[in-house]
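Peer 1:
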Amino acid sequence: MFDDTMSPDPSDVEKNKIMGIIAYLGCLCIVPLVAAKDSPFARYHTNQGFILLLCWIIIGILEFMVSSSMVSMGLLVIRLGLLFLSILGIINAAGGKKCNQFPLSVVLQLSSNSSKFYCEYFIKGGDLIAFFYSYLSTISITFLILNYRYEYS
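Here's what the structure looks like:
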């Protein structure tokens, strides 16, 4: 596992920078799983890229299901945020950044109480599930706020 308290191995970073970048390019996040399966650096960025891909898919499904223009505008803001996180992920993968310097960690902390509890007590360190759970929490809270404002305004 790519531990956030340790700096990544410089040789691993140099060999797998391209895999880290590819991990943030949508469906191509599967490529580093096959090509660099033993690299902790590539695995970390692949997990992050996979979470971003899942978020894009969830947003697309929500946008398809809800025809409200207010909710669609809120989902557009979330899409822009995901695009921003993807770009930052590419920049950090190209720079060989450590886990705790990556901006998706900020998203994890948006719903940190629930996701930390969930991961520490039920999953015991499942990074991928922790990020997925925190993204879903953030997206569902945003969706509920937008829906509430639309219905009661």
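Numbering (this note's numbering), first residue to last: -1 to 151. Think of the CB as a built atom: it goes at the ideal place given N, C-alpha and C, for glycine as much as any other residue.
Near leucine 78, what residues of its chain come up, given a Cβ to Cβ distance below 6 Å and the 5 sequence neighbours on each side ignored?
Peer 2: The answer is none, since no qualifying residue turns up.
Peer 1: Would you mind giving the Cβ-Cβ distance between leucine 50 and leucine 83, rounded to the nearest angstrom? I have them listed as a contact below 8 Å.
Peer 2: Their Cβ separation, rounded to whole angstroms, is 6 Å, which keeps leucine 50 and leucine 83 in contact under 8 Å.
Peer 1: May I ask you to report which of helix, strand or coil DSSP gives alanine 91?
Peer 2: Helix.
Peer 1: Could you give the C-beta distance for histidine 43 and glycine 87, rounded to a whole number, given that I count them as a contact under 8 Å?
Peer 2: That pair is a contact at about 7 Å.
Peer 1: Does the distance from the C-beta atom of isoleucine 20 to that of valine 29 stay below 7 Å?
Peer 2: Yes, Cβ-Cβ distance for isoleucine 20 and valine 29 is below 7 Å.
Peer 1: I need the boundaries of the alpha helix (DSSP H) containing valine 64, first residue and last residue.
Peer 2: First-last for valine 64: undefined, no H or E at that position.
Peer 1: Using the Cβ count rule (16 or more neighbours within 10 Å means buried), how would you classify valine 32?
Peer 2: Exposed is the call here.
Peer 1: Along the chain, where does the alpha helix (DSSP H) containing proline 8 start, and where does it finish?
Peer 2: Unbroken alpha helix (DSSP H) run through proline 8: 8 to 20.
Peer 1: Within the same chain, show all residues whose beta-carbon is closer than 7 Å to that of aspartate 10, passing over the 5 residues directly before and after it, in chain order.
Peer 2: The residues are Ser37, Pro38 and Phe39.
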